[in-house]
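Trainee:
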């Protein structure tokens, strides 16, 4: 599943925590780790260079970039093969170019970074990578809940039964197998999407129809998990998807969320790109987002 894992870094605690997760997955899959820092071309022009590139300033930025890589030494010390690079460019573009040039299978990155000269892993950069990356992206914030500890014991897999949600299932199950983790298949019925007005209730038969579809969605994931020899729990909830998923993760000992970045459109949409982005921004535990490839969308 994963042969090459990329960890962009600015040396922040969030990047270090992401490196710990990247290292854990790399060890589980015997993958090569790629450590990357990006010297922002906008910052490289220098604050007083009148639009030109201040070479001395660039040199200082590259020195900081190497320090950011060095900050990951302890986090990745258990991985057999580690490569490191310092590049110059626009941060999210540079990360995505590296993914394409090196056939990277997974990106693990912090969702917050430093301010000032060394900043480049701010939330907007992580979100750009999540939206555009052709490979799965693991986003991590340095929180009490995001510590790797002894590994993943419980993995949350949100689903609405769509092909977009299904794209994440194979990745979730592959990681669960290596970690011997329990899978939590959860579907959220968002009645707000089907209500015709603030004073009009949702017909009970329509609610039942949506609940049936949600139950079928979680059972599909559960069946795949059981076939892989994994323990599984299922749940169907009603409410706002992002809120319900965050509540479920809070109520259960979830170590990782694995989800698609898009869902169905129209009345039956449950997992939209915005839902994934809300989890990336707000989840205290790592979120693995998986986007379907263009080739899959065309078939």
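Residue numbers (full-length UniProt numbering): 1 to 299. All residues carry an ideal CB built from backbone N, CA and C; glycine is no exception.
#1: With burial defined as no fewer than 16 other Cβ atoms inside 10 Å of the residue's Cβ, what is the status of residue 103: buried or exposed?
#2: For residue 147, count neighbouring C-beta atoms within 10 Å of its own C-beta (all shown protein chains included) and say buried if the count is 16 or more, exposed if not.
#3: Roughly how many whole angstroms lie between the Cα atoms of residue 96 and residue 134?
#4: Do residue 175 and residue 181 count as a contact pair if the criterion is CB distance below 9 Å?
#5: Since residue 238 sits in a beta bridge, which residues does DSSP pair it with?
#6: Determine which residues share a DSSP beta bridge with residue 233 and list them.
#7: Once the 5 residues before and after residue 285 are set aside, which same chain residues still bring their CB inside 8 Å of it?
#8: For residue 245, name the three-state secondary structure that DSSP assigns.
#9: Please report how far the alpha carbon of residue 154 lies from the alpha carbon of residue 124, in whole angstroms.
#10: Rounded to the nearest angstrom, how far is the Cβ of residue 207 from that of residue 239, given a contact under 8 Å?
#11: Output the residue ranges of the alpha helix (DSSP H) runs that lie fully inside the UniProt domain "UspA" (1-141) and measure 4 residues or longer, sorted by chain position.
#12: Where does residue 147 fall in DSSP's three states?
#13: With distances taken from CA atoms, which of 67, 165 and 19 is nearest residue 303?
#14: Terminal residues of the continuous alpha helix (DSSP H) containing residue 175?
#15: Just reading off the beta strand (DSSP E) that residue 158 is part of, what are its end residues?
#16: Can you tell me where the beta strand (DSSP E) with residue 258 in it begins and where it stops?
Mentor: Straight from the coordinates:
#1: Exposed is the call here.
#2: By the neighbour-count criterion, in which a residue is buried when 16 or more other Cβ atoms sit within 10 angstroms of its Cβ, residue 147 is exposed.
#3: Taking the straight line joining both Cα atoms gives about 9 Å.
#4: Yes, the pair counts as a contact, with Cβ atoms nearer than the cut-off.
#5: In the DSSP output, where bridge partners are listed per residue, residue 238 has 189.
#6: In the DSSP assignment, residue 233 is bridged to 184.
#7: The answer, listed in chain order, is 143, 145, 146, 249, 254, 255, 256 and 257.
#8: In the structure shown, residue 245 sits in a helix (DSSP, three-state: H, G or I).
#9: Each residue's Cα considered, the two are about 28 Å apart.
#10: The Cβ separation is near 13 Å, so there is no contact.
#11: With a minimum length of 4 residues, the continuous alpha helix (DSSP H) runs that stay inside the UniProt domain "UspA" (1-141) are 13-29, 41-44, 55-70, 91-101 and 123-132.
#12: DSSP places residue 147 in coil when its eight states are reduced to three.
#13: Nothing about residue 303 can be reported from this structure: the residues present for the chain run from 1 to 299 only.
#14: Residue 175 -> alpha helix (DSSP H) spans 163-179.
#15: Where residue 158 is concerned, the enclosing beta strand (DSSP E) starts and stops at 154-158.
#16: First-last of the beta strand (DSSP E) with residue 258: 256-260.
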